[in-house]
Every structure is written in structure tokens, then in C-alpha cells.
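Residues in the sequence shown are numbered from 11 upward in steps of one, following my numbering.
Backbone N, C-alpha and C fix where the C-beta goes; we use that ideal spot for every residue, glycine too.
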Amino acid sequence: MSAAFRIDGKRALVTGANTGIGRAIAEGLAAAGAHVIAAGRRSCAETVAAIVAAGGTAEEMALDVAEPGAAAALPGDLDILVNNAGIIRREDAVAHAESDWDDVLNVNLKSVFLLSQAFAKAAMARGAGGRIVNIASLLSFQGGVRVPGYTASKHGVAGLTKALANEWAPAGINVNAVAPGYIATNNTEALRADPKRSAEILGRIPAGRWGDPADIAGAVTFLCTPASGYVTGAVLNVDGGWLAR
Ligand code: NAP
11 MSAAFRIDGK RALVTGANTG IGRAIAEGLA AAGAHVIAAG RRSCAETVAA
61 IVAAGGTAEE MALDVAEPGA AAALPGDLDI LVNNAGIIRR EDAVAHAESD
111 WDDVLNVNLK SVFLLSQAFA KAAMARGAGG RIVNIASLLS FQGGVRVPGY
161 TASKHGVAGL TKALANEWAP AGINVNAVAP GYIATNNTEA LRADPKRSAE
211 ILGRIPAGRW GDPADIAGAV TFLCTPASGY VTGAVLNVDG GWLAR
């Protein structure tokens, strides 16, 4: 493959890399040549094993992004940070607990800011550029149903992506986001288990299928390669056409 699409020798940390979209992103970055630090609050040993079995290199790191010390624990020599870790709490807005709001905002938005800040400080101190990719959502654009905290957090991720891109472009740090559509992971298990919601969703997706985590990995990997060097502040929808409809 053309060198413009390779990231050999780059060091990439992916949060929430034990499963779902994060695991696929870790595998995708490793396949493009990066050394991957698969970070999770659970073991990422399976992700690391899959990368090594495919001929790549990776290590795991214990990291709960909601813990106060998380940003300080970030390695100082990273070239790429993917803020993928996220949670969702489904409840009618009138019943949505304050503790759920805080949990969702802490993981999905506050940690994205603090980890990005630590990444940028370290990169600037080394005189290096870098790439940050945040995982946004269709609910960075739409309101969703029964997920007010999640929607607020993902709108915040889109805004934060643009704010950081503006400030850090002069330092050579590109900040972008990928907004996945409906992807078959733990996050959407409840939706897929509900025949009515599942059929409604599928019927609206022009591509006619749920997304696969690998669909997201391709877009994220592109945003970490030299090929996308002039892309910053973008939120790239990877949704089988959902938002175009
Ligand atoms: P998932 O399978 O539930 O994975 C979420 C990941 O985040 C898991 O690895 C989870 O770890 C990790 N995580 C949660 N809280 C964490 C914390 N405090 N510290 C570290 N890791 C934490 O769901 P997914 O679909 O792959 O979600 C990945 C990202 O995509 C999320 O930001 C989500 O909002 C976003 N997204 C997903 C969809 C979709 O349709 N699936 C659509 C739009 C956006 P555990 O395994 O320990 O819980």
C-alpha cells in the first residue's frame, strides 16, 4: 500500500480497546503499521493477542478513563490518541438520574478533554505533532430517544473536536472525530434485542445493514495516516447513509 496510508513506527493508544469498536480500531491501526497500546478498564489481552497473531505489535494498559489520575497516566511518547471509550444509559428524560448524567458525561466527554489535553501537552513538549480521533455518534447531530445524557455528551464531543482542532493545528496536531451509525456491539445490544426498534432502525439505513466495528476502524485509521494530513476539525459520518436520508 502507498506510504501515504501507512503509520509504521507510530505509537497509538486506543481507549476501551477490549471490545467492540475500540478493539477493531486497535487492530486496524496495527495493521497499518502502528504499535498499539490497547487501554481498557478490563484486560485487553485478547485484542493484543489478535494483533500479534496478525503480525503486528501491541501491549495492554490498565486505564479507567473516568478515574481522576487517568490523564496523568497517559504515556508521554504517543503519536496517536483514539478516544473511543464510551457508555450509554437509556431512560426517559423525566426519569434520567443525575448520577447517570454524571457518569455518562465523565466518561464520554470530560475524559476526552483531559486525555486530549495530556496528549497535546506531551506532544508539544517534544516538538512533535500528532493525531487525535474522537468517537462521536449520530447523536452528535440528532436528539435520539431516551438517551439525553448520551446525546449531550456526543454533541459535546463534536464541539470539542472542532475547538481543539483550531487551537492545535499550528502545533501539527490534527483533531478529528468519526461518528458511527448503528454498529453491532454491546452498546446497541438492547436496541437489537427489541424487534420493533431493530426493524425501525434497519429500515432507515440506506446500506440495508447494521455497521460492523471494522467499518469504523477503516475511517479512524485513515484519519491517522499522512493521507489525511490536511483534515482537521472534521466529524466524519460512517453510518451506511443514515444521515444522508
Ligand atoms: P462497547 O462494546 O460497549 O464498548 C465500549 C468500550 O468503552 C468498552 O471497551 C468499555 O469497557 C469502554 N469503557 C467504558 N467506560 C470506560 C472507562 N471508564 N474507562 C475505560 N474504558 C471504558 O460499545 P462500542 O459500540 O464499541 O462503543 C465504542 C464507542 O463508539 C463509544 O464511544 C460509543 O459511544 C461509540 N458509538 C457506538 C455506536 C454503536 O452503534 N455501537 C454508535 C455511535 C457511537 P468495558 O468493556 O469494561 O465496559
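Fewer than three Cβ pairs drawn from the stretch 216-232 and the stretch 149-166 lie within less than 8 Å of each other, which leaves the two stretches out of contact. Here the stretch 17-28 lies against the stretch 90-99, with 3 or more beta-carbon pairs under 8 Å apart.
Secondary structure of Pro-190 (DSSP, three-state): strand. Residues Trp-220 of the same chain have their beta carbon placed closer than 6 Å to that of Ala-194, with the five preceding and five following residues left out of the count. Distances between the C-beta of Asn-144 and the heavy atoms of the ligand NAP are all 6 Å or more. Nearest neighbour of Leu-201 by Cα position, chosen from Gly-139, Arg-100, Pro-180, Leu-149, turns out to be Arg-100. Under the three-state reduction of DSSP, Ala-48 is assigned to strand. Per DSSP, reduced to three states, the secondary structure at Thr-67 is strand.
Beta-bridge partners of Arg-21 (DSSP): His-45. A distance below 7 Å between beta-carbons, with the five flanking residues on each side excluded, links Ser-53 to the following residues of its chain, in chain order: Asn-28, Glu-70.
Annotated three-state conformation of Arg-219 is coil, per DSSP. Excluding residues up to 5 positions away in sequence, Leu-91, Ser-126, Val-185 lie with their Cβ nearer than 6 Å to the Cβ of Ile-142 in the same chain. When beta bridges are read from the DSSP output, Ile-145 appears opposite Val-188. Beta-bridge pairing by DSSP links Val-92 to Val-24, Val-143.
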